[in-house]
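J.: Would you mind keeping the following structure in view while I ask a few things?
Residue numbers (the numbering used here): 36 to 300.
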């Protein structure tokens, strides 16, 4: 699989994303992504008014997608990611606008079609969205500050059992939107984005990881996408219990002498 991505998928994706037909490069990918995120809340609220849809399902979707957009914009402000610093040609920018528009498919289908979900589905969606956003934000935060303080291989924290916890979180977030929309289009779009965009970045990351010291051991410990639940369970059940004798030790003779009362008792 890696060979296919390196020789075909990644070059085609990068050409379409950054260099399509050449010419001036007025925008960065990060700026375009941020514009898309910033447009999400007003657009979805506008759809609610346009279709007169103020159901609980619509409110839940708009709240979830707006919280993702807000968190992303704050993250980009506090922790800028160089992965989004590449400049794009005009044609590439237009293509990316179309691609990003696919992320709104779930919201449009849900609001325009007046799709209603049961309390059980809404609870599941809220749980998935919360956990996905948590994984995305916490992993990116750890990577940003840990690499800035100590460049090298990250093997702990949110990346202990999965090498791509942030992408797993992103996938879970958009999967929750697809579940809420109850339509095949958001599922198909998410599958396309995973196959072309997410996997491409994860493959590039794996190639970079293999060049670092300790990579073989770490890559056998942490799975590519989903967390290594078996390794986590084994580590949790059989991790050695370390007892520090100093914590259980009584006072020293000098401490006992210092506590003795002075004078007759």
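Glycine residues also receive a C-beta, built at the ideal position from the N, C-alpha and C atoms.
These numbers come from a predicted model, not from an experiment.
#1: Would you tell me roughly how many angstroms separate the C-alpha atoms of residue 248 and residue 188, rounded to the nearest one?
#2: Compare the C-alpha of residue 167 against each of 197, 97, 201 and name the closest.
#3: What are the start and end residues of the alpha helix (DSSP H) that includes residue 219?
#4: Can you check which of these residues, 67, 242, 232, 203, is closest to residue 122 by C-alpha distance?
#5: Is it true that the segment 129-140 meets the segment 47-67, where meeting means three or more beta-carbon pairs spaced less than 8 Å apart?
#6: In this structure, how does DSSP classify residue 300 when only helix, strand and coil are distinguished?
#7: Is there a Cβ of chain D sitting closer than 8 Å to that of residue 262, yes or no?
#8: Should the segment 75-87 be called in touch with the segment 179-199, which here means at least 3 C-beta pairs below 8 Å?
#9: Leaving out five residues on either side along the sequence, give the residues of the same chain with a beta carbon under 6 Å from the beta carbon of residue 283.
#10: Once DSSP output is grouped into helix, strand and coil, what is the label at residue 123?
#11: Of all the options 145, 125, 49, which has the alpha carbon lying nearest to the alpha carbon of residue 94?
#12: Of all the alpha helix (DSSP H) runs that stay within the bounds of the segment 183-262, which reach a length of 4 or more residues?
#13: Assuming residue 260 contacts residue 228 under a Cβ cut-off of 8 Å, what Cβ separation, rounded to an integer in Å, is found between them?
#14: Can you give me the Cβ contacts of residue 300 inside the same chain, cut-off strictly under 6 Å, excluding the 5 residues immediately before and after it?
#15: Residues bridged to residue 62 by DSSP?
#16: So, helix, strand or coil for residue 101, using DSSP?
#17: Looking only at its chain, what residues have a beta carbon closer than 6 Å to the beta carbon of residue 36, apart from the 5 residues adjacent to it on each side?
#18: Determine, using beta carbons only, whether residue 98 and residue 195 come nearer to each other than 8 Å.
#19: What's the gap between the Cα of residue 51 and the Cα of residue 60?
#20: Quick one: grab the DSSP three-state call for residue 283.
#21: May I have the straight-line CA-CA distance separating residue 91 from residue 151, to the nearest angstrom?
#22: Return the chain-ordered list of same chain residues with a C-beta closer than 7 Å to the C-beta of residue 218, the five sequence neighbours on each side being excluded.
#23: Starting from residue 265, trace the alpha helix (DSSP H) in both directions and tell me its first and last residue.
#24: Check whether the Cβ atoms of residue 212 and residue 96 lie closer than 8 Å to each other.
#25: Which same chain residues end up closer than 6 Å to residue 140 when comparing Cβ atoms and leaving out the 5 residues on each side of it in sequence?
#26: Quick one: what's got a C-beta closer than 7 Å to residue 128's C-beta in the same chain, skipping five residues either side?
#27: Closest by CA to residue 190, which one among 204, 203, 252?
T.: Let me spell this out:
#1: 7 Å
#2: 201
#3: 219-228
#4: 67
#5: yes
#6: With a pLDDT of 46 at residue 300, under the threshold of 50, the predicted position of this residue should be treated as unreliable, and no value is reported.
#7: You won't find chain D in this structure, because it holds only one protein chain.
#8: no
#9: Confidence at residue 283 is low in this model, with a pLDDT of 47, below 50, so the placement of that residue should be treated as unreliable; the coordinate-derived value is given next. Here the set comprises nothing.
#10: strand
#11: 145
#12: 200-216, 219-228, 234-244, 250-256
#13: Incorrect: roughly 14 Å between the Cβ atoms, too far for contact.
#14: Confidence at residue 300 is low in this model, with a pLDDT of 46, below 50, so its placement is unreliable and the value that follows should be read with caution. Correct list: empty, nothing qualifies.
#15: 123
#16: helix
#17: none
#18: no
#19: 13 Å
#20: Legend: pLDDT at residue 283 = 47, less than 50; position of this residue unreliable, value from coordinates given subsequently. Note: residue 283 maps to helix in three-state DSSP.
#21: 8 Å
#22: 144
#23: 264-273
#24: yes
#25: 220, 221, 224
#26: 62, 67
#27: 252
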